[in-house]
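Chemist: First the structure, which I've put down as structure tokens, then a few questions once you've had a look.
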Amino acid sequence: MKNFFSSKVGIIFTGAVIGLIAVTLQKLGNPANMGICVACFERDIAGALGFHRADVVQYIRPEIAGLVLGSFVVALFTKEYQPRAGSSTIIRFFLGMFAMIGALVFLGCPWRALLRLSGGDWNAVTGLAGLAAGIGIGVLFLKKGFSLGRNYKLKKSAGWVFPALMLVLVIMLIYQVRAQSGLLFLSAKGPGSMHARITVSLAAGLFIGAIAQRSRFCTMGSIRDIMLAKDFHLVSGVLALVAAATALNFVYGQFHPGFANQPIAHTVHIWNFGGMVLSGLAFALAGGCPGRQLIMSGEGDSDSAVFVVGMIVGAAVAHNFLLASSAAGTGKFGPAAVIIGIVFCLIIGFTMREKVS
Amino acid sequence: MAEKIDARGLSCPQPVVLTQQAIKKGLTEFQVIVDTGVAKENVLRCVEKNSLSGSAAADGDSFIISVSKK
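Chains A and B supply the protein sequences, listed in that same order. The opening residue of the first sequence carries number 356 in my numbering; numbering runs sequentially from there. The opening residue of the second sequence carries number 31 in my numbering; numbering runs sequentially from there.
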């Protein structure tokens, strides 16, 4: 069976749908220019579980669970559910951690960078430039034979663990909301308190997870493929996302151009750039943007799941150690952490090269 | 015997990088073995882009992509 979504039209359709759904989620309650942000939403999950105590960013985001579960179900049906693991797992954990730290210095993952751009937040331009620069460094390593090594097939049950965890998180959220149980930390104010209805968020995540699994939508990959192979396939999906989201933002009256006073954003350009250099490099070395890592964990890729766990821990680290930015600017130790992260990635890039025969 | 590139288990985009390297070496007849649908699609797209033709055949959990001149 030919996979429609892997065609040019398919990837453009996927990007446009993600853009439309994300902007609509904002209309339905999600934070501004944050319809779907994988980094921000994993950060909120870390907060809801009490891994960090920044009380304005604590919520179990059903979108994240939906992305993993949507991909899981589709992968099962299309026989692409293939549990696998064992490719430099601990390195992937730290790449995830540093990717999150970089993203929280900028305040968004690549998806949110695109959504911020679509909402008129021009700070996203410096962030995306940083992302491209980081990916560029990653491409140089890839051309020199960078590899985290092969993964190996696992038993079928090995791939259920992560999707099952996502399901548990959603059940915990529903229980908390129904029973007011004190099971989770949920924000009463701030971005964490802003969300669409659970069912809407979950449905949106499931649908995007399904079509992203089929189309292999990846923001990091879109820039990498241009640099590596002059391949414009994935970027057509990314451009469709921006075009669709921008258009719908105009319709909803959510387009507010400028640098200053953008929602959940700051104007420290050098660290908007620097944070995303770190993220872009970490994504490139790990082989996928945060959204793609969620999709791959749904397909049974344990190494991607570990990258996601690294991101969640990274969010806790970022908020517990004053690394995360806020609307007021960068956190006290954010810039230092970005530099440490870039040095870490460079060491990995230079040392993990192999001749694959 | 055509050269075989074993790209099983490698993260994106390494199967494509290995294919590119083979093409750069001047190879026009070779096989690439991958084990995910996404790697199969990516390698096929890379091959087409370089004006070669590729066809994939399932082999257990893997795909063998045979590359040849158009």
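Positions of the beta carbon are idealized from the N, C-alpha and C atoms, including for glycine.
Can you list, in chain order, the residues of its chain whose CB lies under 8 Å from that of P546/A, leaving out five sequence neighbours each side?
Modeler: P386, M389, C395, D399, V411, V412 and I619, listed in sequence order.
Chemist: DSSP state of G576/A, grouped into three classes?
Modeler: In this structure, G576/A counts as helix in the three-state DSSP scheme.
Chemist: Does any C-beta atom of chain A lie closer than 7 Å to the C-beta of L82/B?
Modeler: False, the Cβ-Cβ gap to chain A never drops below 7 Å.
Chemist: What is the DSSP secondary structure of I367/A, reduced to helix, strand or coil?
Modeler: Helix at I367/A.
Chemist: Report the residue from V46/B, K54/B, K79/B and K55/B whose alpha carbon sits nearest the alpha carbon of K70/B.
Modeler: Comparing Cα-Cα distances from K70/B to each of V46/B, K54/B, K79/B and K55/B, the minimum goes to V46/B.
Chemist: Starting from the beta carbon of G39/B, find every residue of chain A whose beta carbon is closer than 9 Å, and list them in chain order.
Modeler: By Cβ distance, chain A contributes R439, G441, S442, G504, R505, N506, Y507 and K508.
Chemist: Report all residues from its chain with a CB closer than 8 Å to the CB of N72/B; omit the five preceding and five following residues, and keep chain order.
Modeler: So the list reads C42, P43, P45 and V46, once near-sequence residues are dropped.
Chemist: Three Cβ pairs or more, each shorter than 8 Å: is that satisfied between the segment 512-531 of chain A and the segment 648-658 of chain A?
Modeler: Short answer: they touch.
Chemist: Measuring straight from C-alpha to C-alpha, what distance separates K589/A and F699/A?
Modeler: Before going on, a small fix: residue 589/A reads as Leu here, not Lys. If I take the Cα positions, the gap works out to 28 Å.
Chemist: Does DSSP put D89/B in a helix, in a strand, or in coil?
Modeler: DSSP places D89/B in strand when its eight states are reduced to three.
Chemist: Using CA atoms only, rank isn't needed, just tell me which of L380/A, A595/A, R533/A and R439/A is closest to A660/A.
Modeler: Among L380/A, A595/A, R533/A and R439/A, the Cα nearest to that of A660/A belongs to R439/A.
Chemist: Identify whether L82/B lies in helix, strand or coil by the three-state DSSP scheme.
Modeler: Correct three-state label for L82/B: strand.
Chemist: State yes or no: is the C-beta of T49/B within less than 7 Å of the C-beta of C76/B?
Modeler: Yes, they are a contact pair.
Chemist: Closest by CA to S634/A, which one among F501/A, I694/A and S657/A?
Modeler: Selected option, being the one with the closest Cα: I694/A.
Chemist: Where does D476/A land, buried or exposed, given buried means 16+ other C-beta within 10 angstroms?
Modeler: Classification for D476/A: buried.
Chemist: Return no unless some Cβ of chain B is closer than 7 Å to the Cβ of R497/A.
Modeler: As written in the sequence, residue 497/A is Leu, which differs from the Arg given in the question. For L497/A, the answer is yes, since a Cβ of chain B falls inside 7 Å of its Cβ.
Chemist: Between G421/A, Q568/A and G608/A, which lies nearest to S361/A when the distance is taken from Cα to Cα?
Modeler: Per the Cα distances, Q568/A.
Chemist: Write down the C-beta distance between L472/A and V597/A rounded to the nearest angstrom, noting that I regard them as a contact closer than 8 Å.
Modeler: Going by Cβ atoms, the distance from L472/A to V597/A rounds to 6 Å, so yes, they are a contact pair.
Chemist: Thinking C-alpha only, which one of A479/A, M521/A and N358/A is nearest A401/A?
Modeler: For the residues A479/A, M521/A and N358/A, the minimum Cα distance to A401/A belongs to M521/A.
Chemist: Report the residue from K508/A, V480/A, G485/A and C464/A whose alpha carbon sits nearest the alpha carbon of Y436/A.
Modeler: Out of K508/A, V480/A, G485/A and C464/A, K508/A has the C-alpha closest to the C-alpha of Y436/A.
Chemist: Below 8 Å, can you find three or more Cβ-Cβ pairs linking the segment 357-375 of chain A to the segment 555-568 of chain A?
Modeler: Counting Cβ pairs under 8 Å, three or more are found: they touch.
Chemist: Which term fits Y414/A, buried or exposed, when burial requires 16 or more other beta carbons within 10 angstroms of its beta carbon?
Modeler: Counting Cβ neighbours within 10 Å, Y414/A comes out buried, since at least 16 surround it.
Chemist: Would you check if the distance between the CB atom of F714/A and the CB atom of M631/A is smaller than 7 Å?
Modeler: Outside the shown range of chain A, which is 356 to 712, sits residue 714/A, and nothing can be said about it.
Chemist: Does the distance from the C-beta atom of Q61/B to that of S96/B stay below 7 Å?
Modeler: Yes; because the gap between Cβ atoms is below 7 Å, this pair is in contact.
Chemist: By alpha-carbon positions, which one of A420/A, P612/A, K687/A and G629/A ends up nearest to I490/A?
Modeler: Out of A420/A, P612/A, K687/A and G629/A, G629/A has the C-alpha closest to the C-alpha of I490/A.
Chemist: In its own chain, which residues sit with a C-beta less than 7 Å from the C-beta of S712/A, not counting the 5 before and 5 after it?
Modeler: Note that S712/A has pLDDT 46, beneath the 50 cutoff, so the model's placement of it is unreliable and no number is given.
Chemist: What does the alpha-carbon distance come out to for the pair S442/A and G608/A?
Modeler: Going from the Cα of S442/A to the Cα of G608/A covers about 46 Å.
Chemist: Taking only beta-carbon positions, decide if G642/A is within less than 7 Å of chain B.
Modeler: For G642/A, the answer is yes, since a Cβ of chain B falls inside 7 Å of its Cβ.
Chemist: Residues bridged to R471/A by DSSP?
Modeler: Per DSSP, none; premise fails for R471/A.
Chemist: Select from the segment 559-576 of chain A all residues with a C-beta closer than 9 Å to any C-beta belonging to chain B, and list them in chain order.
Modeler: The residues in question are R571, C573 and G576.
Chemist: For G39/B, which option in R579/A, R505/A, I563/A and L678/A has the closest C-alpha, if you only look at C-alpha atoms?
Modeler: If we check each option's Cα against that of G39/B, R505/A comes out closest.
Chemist: Applying a beta-carbon distance threshold of less than 8 Å, which residues of chain B neighbour H588/A?
Modeler: Near H588/A (Cβ distances below 8 Å), the residues of chain B are R75.
Chemist: Does the beta carbon of E71/B sit closer than 7 Å to a beta carbon anywhere in chain A?
Modeler: Answer yes: the Cβ-Cβ gap between E71/B and chain A drops below 7 Å somewhere.
Chemist: Say whether chain A places a C-beta atom closer than 7 Å to the C-beta of G90/B.
Modeler: Not closer than 7 Å to any Cβ of chain A, the Cβ of G90/B fails to qualify, so no.
Chemist: Between which two residues does the alpha helix (DSSP H) carrying D399/A extend?
Modeler: Unbroken alpha helix (DSSP H) run through D399/A: V393 to A403.
Chemist: Please name the residue, chosen from F406/A, A371/A, I526/A and S426/A, that lies closest to G646/A on a Cα-to-Cα basis.
Modeler: Nearest C-alpha to G646/A: S426/A.
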